[in-house]
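One structure is given below, encoded as structure tokens.
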Amino acid sequence: MTSGAVILLTGVLCAVACALLGTFLILRKMAMMTDAISHAILPGLVFGYWVANGNNVVLGALGATLAALVTISLVEALQNSGRVQGGEAMGIVFPAMFALGTVLVTRFFSDVHLDTDSILYGNIEFSSFDRFVLGGRDLGPQSLWIMGTLVVINVLFLALFYKELKLSTFDAGLAATLGFAPALVHYLLMTVLSITTVGAFTAVGAILVVALVIVPAATAYLLTERLVEMIAYSAMIGALSAVTGYWLAIWIDGSVSGAIVTMSGVFFFLALLFSPLEGLVARMRRNELNRQRFALDMLLMHLSTHERTATESTESSIGHISAALHWPPDDTTKTVQRAIDRDLVVRYGPNVVLTSRGREKVKTLLDR
Amino acid sequence: MSVIHDLFFDYTLRNIALGSMLLGIVSGVLGSYAVLRRQGLLGDTLSHAALPGIVLAFILTGSRTSIVLLFGAGIAGWIGTLILLRTVKNTKLSEDTMLGVVLSTFYGLGILLLTWVQGQNNANQAGLDRYLFGQAASIIASDVVTFFVLGVAALIVVFLLYKEFKLLSFDPEFAYSIGFPVKYLDILLTSLIVVAVMIGLQTVGVVLMAAMVIGPGTAARQWTDRMGVMLLLAGFFGAAAGVTGAVLSVQASRLPTGPMIILALTAIVLVSIFFAPNRGILPDAIRRRRQREAIRRTGVPMGLPEVPQ
Chain F
1 MTSGAVILLT GVLCAVACAL LGTFLILRKM AMMTDAISHA ILPGLVFGYW
51 VANGNNVVLG ALGATLAALV TISLVEALQN SGRVQGGEAM GIVFPAMFAL
101 GTVLVTRFFS DVHLDTDSIL YGNIEFSSFD RFVLGGRDLG PQSLWIMGTL
151 VVINVLFLAL FYKELKLSTF DAGLAATLGF APALVHYLLM TVLSITTVGA
201 FTAVGAILVV ALVIVPAATA YLLTERLVEM IAYSAMIGAL SAVTGYWLAI
251 WIDGSVSGAI VTMSGVFFFL ALLFSPLEGL VARMRRNELN RQRFALDMLL
301 MHLSTHERTA TESTESSIGH ISAALHWPPD DTTKTVQRAI DRDLVVRYGP
351 NVVLTSRGRE KVKTLLDR
Chain S
1 MSVIHDLFFD YTLRNIALGS MLLGIVSGVL GSYAVLRRQG LLGDTLSHAA
51 LPGIVLAFIL TGSRTSIVLL FGAGIAGWIG TLILLRTVKN TKLSEDTMLG
101 VVLSTFYGLG ILLLTWVQGQ NNANQAGLDR YLFGQAASII ASDVVTFFVL
151 GVAALIVVFL LYKEFKLLSF DPEFAYSIGF PVKYLDILLT SLIVVAVMIG
201 LQTVGVVLMA AMVIGPGTAA RQWTDRMGVM LLLAGFFGAA AGVTGAVLSV
251 QASRLPTGPM IILALTAIVL VSIFFAPNRG ILPDAIRRRR QREAIRRTGV
301 PMGLPEVPQ
């Protein structure tokens, strides 16, 4: 396999593994936990490397996972103490852990091969050079094995606990009443997230993990309201970001991780603008349609109120409607035209008169 | 006592300590509002969002002076803030999600731009990445002056709008109902936190800025229920952490300044959470214990008359 293909596949697998969890983290409003974990694992990683006396992936990952679980427990202990609120607890714990890790690296373990740059933005570029060697046999790039395992773990996790995850995410109270142990589901999710973060982190760097967990899932959330679709969309958008990001990086000769994250941001922005459900354009269109409908109703009500009264001939003139309803003349003509198109009113010279359909419509409006 | 002597007369240490102290005061005071408004991770997102601004400012101007780069950082952080506030208000995405989206996408874009600039063989770009992890040792006298001007400007705004910001923090609906421009106050207050972030980037770096914003306020909150006192205390705690971290890092060689500041700050936060007289965990436990004793002995809580037999 060429090194480009390895990078591409690593990115896609990473995107899929992250997106599967991201969906639930976003729905549970716990997205920033990924950010906290991805930074807080540094001291664990350093400790693992130190114990192994070198760059040992397994011990490093073990230490990092441990640090992640410590972080989660500390954050929750702080929150439960009632002295510190949710986000604050994270904002205090993870910088402290990261600072501790940095101090450990520079002061005590400077001989440990650990580059703080590569921790933050990874070295997915070199993923084809780190080989997975077992019993003297080269089994291919390490990153593919790690990311592949993570995908399998996360798919299994979702398949086994889909019902429990879904219920405890949308209605924790009901889940508890039915005996689903939402707390247990929460800790399982946190553990799987820790493992995913640690695994992906060694392959692609902290920032890519955080982005691939949060951004594609957030994009998918803008596009659908069904859970299954959201999971599928976020996996696809993540994979698409990985592929297009890789091309972008090649094209401008920049960081692959940075480019993948940038592309995921581009897709998010597109969804923010053009999603049929939540997009800016759709929302503006909806507002405009509402405005038009309301204006139409107002016009009909106004005509109906003054129908068969002494002042009808003045009240139903277009100029007077503009003044009475405080509409600019242009808007008035447009609204009247819409009413005529729908056969609700007809024009007599400067005046507007309700048709029988228009009167029917007024009746339904009043009945509502 | 040579530390104290150095603190005043050693050029490097004096600049680092002064810069860190200014950062502590400004981010402590402004961060207190983030604490009260439950925006615990706002500082984290803003500091990450600043990165593309730094690189773009360099690309556009070719200059590497702090003031230019910090200006770019401020603008990018500010744009990130606006996107955050608008999307949270107008879509179903929660604040937590949008913090993550803005943080990671801006930062990713920053990394992409940074690596692109580095690939352009522009020798002048060296040192841009000091903003990733912070490099307090690179603070020079002119930086301290920049920090001072920025910080004092931000603090003056806080002083002038004290009443407005206080109301905004505790009861935004009421503030709106009596005619305060809540939306603009909100944007202004968040922009001031951007100023704190600008100062912090060079000293503690992107990652650790989260604690710099939220830590001093959280610690101060444990000691008092009065807003004015909390702001002053937060400024003091921030300054104390800044100077302590600076001195410790210079005293013991090979200790990075930014992380030492954060560790000092964490110590202050932990002490406050455990030992602050009213809200602290330990005093609280002692009070509960006494209360239980009293109930066990007399059958009624402390301070109440005993039940007549």
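Each protein sequence line maps, in turn, to chains F and S.
For the first sequence, the positions run 1 to 368 when my numbering is used.
For the second sequence, the positions run 1 to 309 when my numbering is used.
From the three backbone atoms N, C-alpha and C, an ideal C-beta is built for every residue, glycine too.
As the structure is a computational prediction, the values presented were derived from the model and not from experiment.
Proximity of residue i and residue j at Cβ, strictly below 8 Å
i	j	result
V215 of chain F	S264 of chain F	yes
I286 of chain S	I273 of chain S	no
R28 of chain F	T169 of chain F	yes
L132 of chain S	M198 of chain S	no
T105 of chain S	T190 of chain S	no
G358 of chain F	L300 of chain F	yes
V144 of chain S	S47 of chain S	no
G44 of chain F	G63 of chain F	yes
T305 of chain F	F267 of chain F	no
I72 of chain F	M147 of chain F	no
S142 of chain S	R130 of chain S	no
T197 of chain F	I7 of chain F	no
V269 of chain S	T218 of chain S	yes
A15 of chain F	L156 of chain F	no
A234 of chain S	G28 of chain S	yes
L192 of chain S	A154 of chain S	yes
M21 of chain S	G179 of chain S	no
L67 of chain S	T146 of chain S	Just to set this straight, residue 67 of chain S is Ile in the shown sequence, not Leu. Yes, they are a contact pair.
Own chain residues within Cβ distance below 6 Å of residue i, not counting five before or after
i	result
L42 of chain F	F98 and G101
G53 of chain S	G72, A73, I75 and A76
W247 of chain F	none
T298 of chain S	E306
A31 of chain F	L25 and I214
F174 of chain S	none
is_contact[residue i, chain F] using C-beta, thresh 8 Å
i	result
P259 of chain S	yes
Y33 of chain S	no
T97 of chain S	yes
Q135 of chain S	no
R279 of chain S	yes
Y107 of chain S	yes
W116 of chain S	yes
G215 of chain S	yes
G100 of chain S	yes
A210 of chain S	yes
Buried or exposed by the 16-neighbour rule on C-beta atoms within 10 Å, applied to residue i
i	result
Q202 of chain S	buried
D341 of chain F	exposed
Y221 of chain F	buried
E360 of chain F	exposed
Q142 of chain F	buried
N15 of chain S	buried
G108 of chain S	buried
L174 of chain F	exposed
V102 of chain S	buried
N287 of chain F	exposed
V346 of chain F	exposed
Cβ of residue i within 8 Å of any chain S Cβ
i	result
D35 of chain F	yes
D370 of chain F	No answer is possible for residue 370 of chain F: it lies beyond the span of chain F, which begins at 1 and ends at 368.
S257 of chain F	yes
E278 of chain F	yes
Q79 of chain F	no
T244 of chain F	no
K29 of chain F	yes
T262 of chain F	yes
F180 of chain F	no
H186 of chain F	no
Beta-carbon proximity list for residue i, same chain, < 7 Å, skipping 5 on both sides
i	result
S249 of chain S	L255, P256, T257 and M260
A96 of chain F	none
V281 of chain F	L273 and F274
I214 of chain S	G31, A34, V35, G40 and G43
T87 of chain S	L93 and M98
V55 of chain S	G110, L113, L114, V117 and L128
Close beta carbons around residue i, own chain, < 8 Å, minus the five adjacent residues each side
i	result
R290 of chain S	M302
Y176 of chain S	V182
G86 of chain F	Q79
L277 of chain F	L222, L223, T224 and E225
With 7 Å as the C-beta to C-beta threshold (strictly closer), list the residues of the stretch 205 to 221 of chain F near chain S in chain order.
Listed by position along the chain: I207, V210, A211, I214, V215, A218 and Y221.
Which residues of the stretch 32 to 52 of chain S have a Cβ closer than 9 Å to any Cβ of chain F? Give them in chain order.
Residues of the stretch 32 to 52 of chain S that bring their beta carbon within less than 9 Å of a beta carbon in chain F comprise A34, V35, R38, Q39, G40, L41, L42, G43, D44, T45 and H48, in sequence order.
Looking at chain F, which residues of the stretch 78 to 89 of chain S have a Cβ within less than 8 Å of any of its Cβ atoms?
Legend: CB atoms of the stretch 78 to 89 of chain S lying less than 8 Å from CB atoms of chain F belong to residues T87.
Along the stretch 84 to 96 of chain F, what residues have a CB closer than 9 Å to any CB found in chain S?
Here the close residues are V84, Q85, G86, G87, E88, A89, M90, G91, I92, V93, F94, P95 and A96.
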